[in-house]
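Take a look at the structure set out below.
See the structure below:
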């Protein structure tokens, strides 16, 4: 579909920021990528395909995201791993006015304190974002993880 | 090289669709990304570098792709894995009129029904695609797999 | 931030070339992506975060890169592996005149001669590049590897 170049770039930048802010442990910056009225959810692909209601993590407004990051800061004094997201090209699905929907696949690797890296999770993002000029904010992010073995008490977001 | 922005976007969208259609098990949609006169081939890097004729999979027109997908639908009643492609940035090589050539690296992960994900194959795509306005169709895709251990009877395309 | 479309494309092309030239063992082409006055460094994330001076590899001009590639050509008569980089979307940080700074995450896989692929390293690139029209040259590349177990005598660049 035809998408204005500026919209494409804003959405691509948004996802690059999404990944780097988590990977550099700037989770407070990650929260700021979301709109005040927002929704963040982690589900497994199996649940989506069988239309089951289970979710691994769900925050349905920005304050819940803030709380989650704050509690993470207090519980995990020493971060036991580094995250690394590598995201594929965006597939833009469509828009309603300034709200754009798109999908992108991700691979997420974790490196432990001994310096060993391993594949942690793969899947895709289903995203709605509001674009205004060169700026974009996340309205809804659903992480659909192919990997079902993600611990239900996720330490850091995917 | 200088490439019109619309061409870049059309090619990037095409590869995003390529990956997502396989990963979401929409193989019929994947076939529709190809031109009627098309060529799809999976080879190993070793064979390319030594100029050997072996191919792991070869369909030299769209009906062969259709047949392949249809037979896959009948043989595999239960899909034993999920695919997940993460594709890197496109490197556009050049064009002859509306036919553009480009390459892109891929990583392909598989997740089994127990929810365990693993690296399945890495390599690159060598692609020719026809671009008309915002629309693009695949003319030729050669998958050059670094990984040589891919089973010769590939269940799903790479 | 607002970035001219031509600059974005030049930087994206540059990184696509960076990855493919290493992966196809065209290391001489890889060197030519750098400016005459350039800096290439591989460090670990741990060292960056603790502000330690250790580097795994450092070439502070283009001749050092040339020397390194030439010595690699003489030492390794038979290449014991294939590299494969999959790079995520670029996050452009800013510019001073024609010098642009950006970051991008990478995953690097290696395939041995038996055809087995494995994850070798993940991390991010911190890059400065000079852009002139559609052409870009690397001024400084710092590879910040999450993976600390990379051998200190790196055979090929990351």
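Protein chains in written order, with this note's numbering: chain A, 6 to 163; chain B, 6 to 163; chain C, 6 to 163.
Think of the CB as a built atom: it goes at the ideal place given N, C-alpha and C, for glycine as much as any other residue.
- In this structure, residue 90 (chain C) lies near residue 27 (chain C), with their beta-carbon atoms less than 9 Å apart.
- Taking 4 residues as the minimum length, the alpha helix (DSSP H) runs contained wholly in the region 7-57 of chain C are 10-28, 32-37 and 50-54, in order along the chain.
- Using a 10 angstroms sphere on the CB of residue 22 (chain A), the tally of other CB atoms reaches 16 or more, which defines it as buried.
- At a cut-off of 9 Å between beta carbons, residue 163 (chain B) makes no contact with chain C.
- Straight-line spacing of the CA atoms in residue 10 (chain A) and residue 136 (chain A) works out to 12 Å.
- The residue from C:70, C:13, C:7 and C:117 with its alpha-carbon nearest to that of residue 94 (chain B) is C:13.
- Under DSSP, residue 90 (chain C) shares a beta bridge with C:113.
- Taking C-beta atoms as the reference points, residue 163 (chain B) and residue 126 (chain B) count as a pair closer than 9 Å.
- In this structure, the straight-line span from the alpha carbon of residue 63 (chain C) to that of residue 47 (chain C) is close to 7 Å.
- For residue 80 (chain B), the uninterrupted alpha helix (DSSP H) run begins and ends at 67-80, by DSSP.
- Look at residue 152 (chain C): its C-beta is under 9 Å from a C-beta on chain A.
- Counting along the chain, residue 150 (chain C) sits inside the beta strand (DSSP E) bounded by residues 140-150.
- Residues of the region 87-113 of chain B with a C-beta atom less than 7 Å from some C-beta of chain A are 87, 89, 90, 91, 92 and 112, listed in chain order.
- Contact annotation, residue 96 (chain A) with residue 18 (chain B): C-beta distance approximately 7 Å; criterion of less than 8 Å satisfied.
- Rounded to the nearest whole angstrom, the C-alpha separation of residue 104 (chain B) and residue 36 (chain B) is 19 Å.
- The three-state secondary structure of residue 163 (chain C), taken from DSSP, is coil.
- By the 16-neighbour rule on beta-carbons within 10 angstroms, residue 134 (chain C) is buried.
- Only exposed fits residue 41 (chain B), as fewer than 16 other CB atoms lie within 10 angstroms of its CB.
- Residue 108 (chain C) is classed as buried because its beta carbon has at least 16 other beta carbons within 10 Å across all chains shown.
- Per DSSP, residue 134 (chain B) is one residue of the beta strand (DSSP E) stretching across 122-137.
- Taking each of C:115, C:151, C:142 and C:124 in turn and checking the Cα distance to residue 30 (chain C), the smallest one comes out for C:115.
- Taking 8 Å as the Cβ-Cβ cut-off, the region 111-138 of chain B approaches chain A at 112, 114, 116, 119, 120, 121, 122, 123 and 124, given in chain order.
- With its beta carbon at least 9 Å from every one in chain A, residue 140 (chain C) lies outside the interface.
- Look at residue 103 (chain B) here: in three-state DSSP terms it is coil, with no helix or strand label.
- Note on residue 50 (chain C): 16 or more other CB atoms within 10 angstroms of its CB, so buried under the neighbour-count rule.
- Residue 99 (chain C) places its beta carbon less than 9 Å from that of residue 6 (chain C).
- Residue pairing of residue 108 (chain A) in beta bridges, as defined by DSSP: A:96 and A:131.
- Each residue's CA atom was taken as its position, placing residue 129 (chain C) and residue 150 (chain C) some 7 Å apart.
- Straight-line spacing of the CA atoms in residue 131 (chain A) and residue 120 (chain C) works out to 34 Å.
- A straight line joining the alpha-carbon of residue 77 (chain B) with that of residue 56 (chain A) spans about 25 Å.
- Residues of chain A with a Cβ closer than 9 Å to the Cβ of residue 55 (chain B) do not exist; the shortest Cβ-Cβ separation is about 30 Å.
- Residue 38 (chain C) places its beta carbon less than 9 Å from that of residue 143 (chain C).
- For the region 7-19 of chain B, the beta-carbon criterion of a distance under 9 Å to any beta-carbon of chain A is satisfied by 10, 11, 14, 17 and 18.
- Ranked by Cα distance from residue 45 (chain B), the options B:154, B:148, B:59 and B:153 are led by B:148.
- Rounded to the nearest angstrom, the Cβ distance from residue 124 (chain C) to residue 124 (chain B) is 6 Å, consistent with a contact under 8 Å.
- The beta carbon of residue 49 (chain A) sits closer than 9 Å to some beta carbon of chain B.
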